[in-house]
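If you read the sequences in order, they're chains A and B.
All letters in the first sequence, in the order written, are residues 159 to 625 by the numbering used here.
All letters in the second sequence, in the order written, are residues -13 to 212 by the numbering used here.
Scroll down for the structure; my scribbles are underneath it.
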Amino acid sequence: MMHVTTDFPAAAHEALGDKSLQAALARMRQGFVSGRASAVARLPEFDAYRDAARAIRDHTLAHLDAYLEIFEANVKAAGGQVHWCRDGAEARETILRILQSRGAKTIAKGKSMVGEEIELNAYLEANGVRPVETDLGEYIIQLRRETPSHIIAPATHVSKAQVADAFRAAHTLLPADRSLAEADTLLAEARAILREEFLNADAGMTGANFLIAETGTSVIVTNEGNGDLSQTVPRTHIVLAGIEKVVPTLDDAAVLLRVLARSATGQEISSYTTFSTGPARKDDLDGPGEYHVVMLDNGRSALLGSAFHDMLRCIRCGACLNHCPVYGAVGGHAYGSVYPGPMGSVLSPALAGIAAAKHLPHASSLCGACEQVCPVRIPLPKMLRAWRDVSFDRGLVTLRSRLGLAVWTFAARRPALYRLATALTAKTLQKHRAWFRLVPGLSGWLATRDFPASSGRTFMAEWKARR
Amino acid sequence: MSDARADIFARLRPALEAAKPLAARRAAAAARVALPLRSLAPARVQNVDLVETFRTRAHEVGATTARVTTMAELGGAVADYLRERNLPQTAKASPELADWNLSWPATLAVAHGGTVGDDPVGIAAARAGIAETGTLMLASGAKSPTKLNFLPETHIVVLCAGRIVGTYEQAWDYLRKNLEGPLLPRTVNWITGPSRTADIEQTLLVGVHGPKRIHIVIVDEEPAAP
């Protein structure tokens, strides 16, 4: 089961006061939101592709077992191996066993959110294998011993100066007085250090943006080229993927690729989209000698057919994070899960249990921006509400919310009483707005806000009068 | 491990079974894989000059291009590019280019083979170009090493104009038609511009792990059969 640690209200409060984080979030909101908007404007068919993408994911999920069988058969036909893992522990053990049986001491890793989900690095380190994250963002947070704060931009919360500090602390063989003030100096240093890691790694691992049943192929989408070096230079290529990642055909992957990068970074397509099928062939000049696909369930199968079924359509673009006012205000770490933002607030309770993630469905204003930009049209607000229902039913909400709801329910079931109460409220709002500051529990909310001016009549009364 | 597999499939089946029985699910999946569903093709590649559209898109993502008419001009175009940017006149070329009967200028030292990372310039041949996003399609093989696409700082790609298609789907058609066996090549690379990152403060930087620059030489003719 996935791990979530959160006291969201406290963490959010802290995040709001963190100046460096706030500066980083301001940059992110600007870049990703305008990037997506212009990419969408350049492709008039974008919404048609969203519909097609959604249909592909729905069709695949409705035939998931059948496509997984075809995928597995085609991986084997290409000389690869498929490993099925019920949970994170099985996946970690499987990967370690593959590495140990090949005597691997280091593994170069392309970015994998599933790797973060199962906390693979800590496990490998504890068992004598050194994992090296090679995506620049992942490398930065690995050095800082942090979790990602964004699913596609893991170090988005880190400032340039903090990157320089992390490099100075880690790269101790380089002159201590070197200048690391500029981003391109940092880049050059990372390139040189990680190039050696690629060339010397005993094994390589990548995630998968898609798995293609038709050909038994795994697909990765990157901009840096690190995933390609991770999987091409070392002898063994291990792919770690959730079982929901499969799609039927190469053509289907093409449709999903059209919406993925545009939604994520605002690029039309990422620099590198790589389709890997089995190990290197007998006469190939390079490529890995072995190809393993580790297929992880870890709670995904339970979503099939549930109220959260549609979450399995997710292609992990991050658009819902980028457009979420709550994520934009507090960043990813406040969520206490490697999957933050709206998609994370739906997925984390599913993978970690609602008791552990009970704050997350409430970490939303339900404004609906996430659903508006989702490339596969996942009804995220609806599912956040569904989690709120579940957490209410299980008694996971605070006494205050429970009491408040009880009062409201009592009144709402008695229309005459409800009309009387709202009429009184409307009148009071018109004449004595300041009185509300004296209501216990409202004073905090009103410290930075005010109610709108009231006409003194309720909507129902206005409606009646105007009909 | 077989119990994990059986368990996972057993967890999936009840929810799926309600809508469609297993035999029907398998039949539907097999049919879709045998005959892929086609989506619409974007208007941007309808009734346009595909070569020029490809070049425009490639320039937008930071690639440079040159166009020559004959194979005889190719070597000179590569040497010109390197000279104009003051880059080393030493390149490792994909072995498949050795079959193309190219003539390299005397100033340009070209060896054929794979790379272990010490070549400043790599020259490869694209299987196809995709106009909708200026994307190159390269594939691994006995004469086309993948590392050559990633390790050198400068990546030069030769693309025959006749292999430029409009859409991703058309690129798959082209690749499927030209497969040598039942399998896709081990690695199919779609490459769109140079290696890049925005991981440090959202600043776009070029040349992270892969090539710092990519130059595409479009040739209007196909290579002579070896």
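Every residue gets a Cβ at the ideal spot worked out from N, C-alpha and C, and that includes glycine.
* Asked: Would you call A/His171 buried or exposed, if buried means 16 or more other Cβ atoms sit within 10 Å of its Cβ?
  -> Your numbering for residue 171 of chain A matches position 13 in the first sequence. So A/His171 ends up on the exposed side.
* Can you list, in chain order, the residues of its chain whose CB lies under 6 Å from that of B/Ile220, leaving out five sequence neighbours each side? -> With chain B running from -13 to 212 in the structure shown, residue 220 of chain B is simply not present.
* To do: Output yes if chain B places a C-beta closer than 7 Å to the C-beta of A/Asp444; else output no.
  => Mapped onto the first sequence, residue 444 of chain A falls at position 286. For A/Asp444, the answer is yes, since a Cβ of chain B falls inside 7 Å of its Cβ.
* Would you please verify whether the beta carbon of B/Tyr274 is less than 7 Å from any beta carbon of chain A? => Within the shown structure, residues of chain B are numbered from -13 to 212, placing residue 274 of chain B beyond reach of any answer.
* So, does the CB of B/Tyr67 fall closer than 7 Å to a CB anywhere in chain A? -> Indexing the second sequence from 1 puts residue 67 of chain B at position 81. No - not a single Cβ of chain A is within 7 Å of the one on B/Tyr67.
* Could you please give me the residues that DSSP links to A/Ala361 through a beta bridge? => Within the first sequence, the letter at position 203 stands for residue 361 of chain A. The bridge partners DSSP lists for A/Ala361 are A/Ile265, A/Thr394.
* **A/Cys243 versus A/Ala249: straight-line alpha-carbon distance, rounded** => Walking along the first sequence from the start, residue 243 of chain A turns up at place 85. Walking along the first sequence from the start, residue 249 of chain A turns up at place 91. If you take the alpha carbons of A/Cys243 and A/Ala249, they lie about 5 Å apart.
* Asked: To the nearest whole angstrom, what separates the beta carbons of B/Arg11 and A/Ala224, a pair I think is in contact under 8 Å?
  -> In the second sequence, counting from the first residue as 1, residue 11 of chain B sits at position 25. In the first sequence, counting from the first residue as 1, residue 224 of chain A sits at position 66. Contact flag correct, Cβ pair sits at about 4 Å.
* Burial state of A/Phe550, where buried means 16 or more other Cβ atoms lie within 10 Å -> As a first step, residue 550 of chain A is located in the first sequence; it is residue number 392 there, counting from the start. Looking at its Cβ environment, which holds fewer than 16 other Cβ atoms inside 10 Å, A/Phe550 is exposed.
* Using a Cβ cut-off of 7 Å (strictly closer), state whether B/Ser126 contacts chain A. => As a first step, residue 126 of chain B is located in the second sequence; it is residue number 140 there, counting from the start. Cβ-Cβ to chain A under 7 Å: yes for B/Ser126.
* To do: Round the Cβ separation of B/Asp206 and B/Ala114 to the nearest angstrom and send it over; I've been treating them as touching at under 8 Å.
  => Residue 206 of chain B sits at position 220 when you count from the first residue of the second sequence. Residue 114 of chain B sits at position 128 when you count from the first residue of the second sequence. Incorrect: roughly 16 Å between the Cβ atoms, too far for contact.
* Pick from A/Ile378, A/Arg353, A/His395, A/Leu408: whose alpha carbon is nearest that of A/Glu372? -> As a working note, residue 372 of chain A is residue 214 in the first sequence. Distances from the alpha-carbon of A/Glu372 to those of A/Ile378, A/Arg353, A/His395, A/Leu408 put A/Leu408 closest.
* Asked: Which of helix, strand or coil does DSSP assign to B/Trp176?
  -> What you label residue 176 of chain B is simply residue 190 of the second sequence in a count that begins at 1. B/Trp176 falls in the strand class under three-state DSSP.
* To do: Find the residues of chain B that neighbour A/Gly383, judging by a C-beta separation of less than 7 Å, and give them in chain order.
  => By one-based count along the first sequence, residue 383 of chain A stands at place 225. Near A/Gly383 (Cβ distances below 7 Å), the residues of chain B are Phe136, Ser181, Val194, His195, Gly196.
* Asked: Enumerated in chain order, which unbroken segments of the alpha helix (DSSP H) with a length of 4 residues or greater are wholly contained in the segment 459 to 513 of chain A?
  -> Listed in chain order, the complete alpha helix (DSSP H) runs (minimum 4 residues) inside the segment 459 to 513 of chain A are 477 to 480, 483 to 488, 499 to 510.
* Asked: Nearest chain A C-beta to B/Lys133 closer than 7 Å, yes or no?
  -> For this step, residue 133 of chain B is matched to residue 147 along the second sequence. Chain A contact via Cβ: present.
* To do: Check the Cβ-Cβ distances between B/Glu155 and every residue of chain A, and say whether any is below 7 Å.
  => Stepping through the second sequence from its first residue, residue 155 of chain B is reached at position 169. The beta carbon of B/Glu155 sits closer than 7 Å to some beta carbon of chain A.
* To do: Give me whichever residues DSSP pairs with B/Cys146 in a beta bridge.
  => In the second sequence, the residue the question calls residue 146 of chain B occupies position 160. Paired residues: B/Val205.
* Helix, strand or coil: how does DSSP classify A/Phe601 here? -> Position 443 of the first sequence, counted from the start, is the residue given in the question as residue 601 of chain A. A small correction: the amino acid at residue 601 of chain A is Ser; Phe does not occupy that position in the sequence shown. A/Ser601 sits in a helix when the DSSP states are folded into three classes.
* Asked: Which residues bound the alpha helix (DSSP H) around A/Lys177?
  -> If you number the first sequence from 1, residue 177 of chain A lands on position 19. That run of the alpha helix (DSSP H) goes 177 to 199.
* Verify the CB distance criterion: does A/Val198 have a CB-CB separation below 7 Å to chain B? => Within the first sequence, residue 198 of chain A is the residue found at index 40, counting from 1. Judged by the 7 Å Cβ criterion, A/Val198 is not in contact with chain B.
* To do: Could you say if the segment 325 to 337 of chain A and the segment 223 to 242 of chain A meet the contact criterion of at least three C-beta pairs nearer than 8 Å?
  => The answer is no - the segment 223 to 242 of chain A does not touch the segment 325 to 337 of chain A, with fewer than three Cβ pairs under 8 Å.
* Is there a Cβ from chain B that is less than 7 Å from the Cβ of A/Arg185? -> Walking along the first sequence from the start, residue 185 of chain A turns up at place 27. With 7 Å as the cut-off, A/Arg185 counts as an interface residue toward chain B.
* Closer than 8 Å by beta-carbon distance: list the chain A residues that pair up with B/Gly22, in chain order. => Indexing the second sequence from 1 puts residue 22 of chain B at position 36. At residue 22 of chain B the sequence reads Pro, which differs from the Gly that was named. Chain A residues near B/Pro22: Glu372, Pro406, Thr407, Leu408, Asp409, Asp410.
* Asked: Along the segment 223 to 237 of chain A, what residues have a CB closer than 9 Å to any CB found in chain C?
  -> In the structure shown, chain C does not exist; the protein chains are A and B.
* To do: Could you please give me the residues that DSSP links to B/Ala111 through a beta bridge?
  => By one-based count along the second sequence, residue 111 of chain B stands at place 125. As a beta-bridge residue in DSSP terms, B/Ala111 pairs with B/Val144.
* If the cut is a Cβ gap below 7 Å, which residues of chain A does B/Val19 touch? -> Within the second sequence, the letter at position 33 stands for residue 19 of chain B. Per Cβ cutoff of 7 Å: Ile228, Ala371, Glu372, Pro406, Thr407.
* Give the residues from the segment -6 to 15 of chain B that approach chain A closer than 8 Å (Cβ to any Cβ), ordered along the chain. => Residues of the segment -6 to 15 of chain B with a Cβ closer than 8 Å to any Cβ of chain A, in chain order: Ile(-6), Phe(-5), Arg(-3), Leu(-2), Arg(-1), Pro0, Ala1, Leu2, Ala4, Ala5, Lys6, Leu8, Arg11, Arg12, Ala14, Ala15.
* **6 Å CB neighbourhood of A/Ala262 in its chain, flanking five on each side removed** => On the first sequence, residue 262 of chain A is found 104 positions in, with the first residue counted as 1. The residues are Asp360, Ala361.
* Could you name the residues that DSSP lists as bridge partners for A/Glu448? => What you label residue 448 of chain A is simply residue 290 of the first sequence in a count that begins at 1. Answer is A/Thr394.
* **A/Glu354 to A/Val391 span [Cα, whole Å]** => Position 196 of the first sequence, counted from the start, is the residue given in the question as residue 354 of chain A. Position 233 of the first sequence, counted from the start, is the residue given in the question as residue 391 of chain A. One Cα belongs to A/Glu354, the other to A/Val391, and the distance between them is close to 11 Å.
* Coarse secondary structure for A/Thr453, derived from DSSP in three states -> Here the question's residue 453 of chain A lines up with position 295 in the first sequence. Note that residue 453 of chain A is Met in the sequence shown here, rather than Thr. If DSSP states are grouped into helix, strand and coil, A/Met453 belongs with the strands.
* Asked: By the 10 Å Cβ neighbour count, where 16 or more other Cβ atoms means buried, how is A/Met159 classified, buried or exposed?
  -> In the first sequence, residue 159 of chain A corresponds to position 1, counting from 1. Exposed.
* Is the distance from the Cβ of A/Gly385 to the Cβ of A/Gly268 below 7 Å? -> Start at 1 with the first residue of the first sequence, and residue 385 of chain A comes out as number 227. Start at 1 with the first residue of the first sequence, and residue 268 of chain A comes out as number 110. Contact: yes.
* If contact means a Cβ-Cβ distance below 8 Å, which residues of the segment 415 to 445 of chain A contact chain B? -> Flagged, chain order: Leu415, Arg416, Thr423, Gln425, Glu426, Ile427, Ser428, Ser429, Tyr430, Thr431, Thr432, Phe433, Ser434, Thr435, Gly436, Pro437, Ala438, Arg439, Asp441, Asp442, Leu443, Asp444, Gly445.
* CA-to-CA distance, B/His98 to A/Met469, given in whole angstroms -> To locate residue 469 of chain A, count along the first sequence from 1; it is residue 311. To locate residue 98 of chain B, count along the second sequence from 1; it is residue 112. Inter-residue distance for A/Met469 and B/His98 is about 49 Å (C-alpha atoms, whole angstroms).
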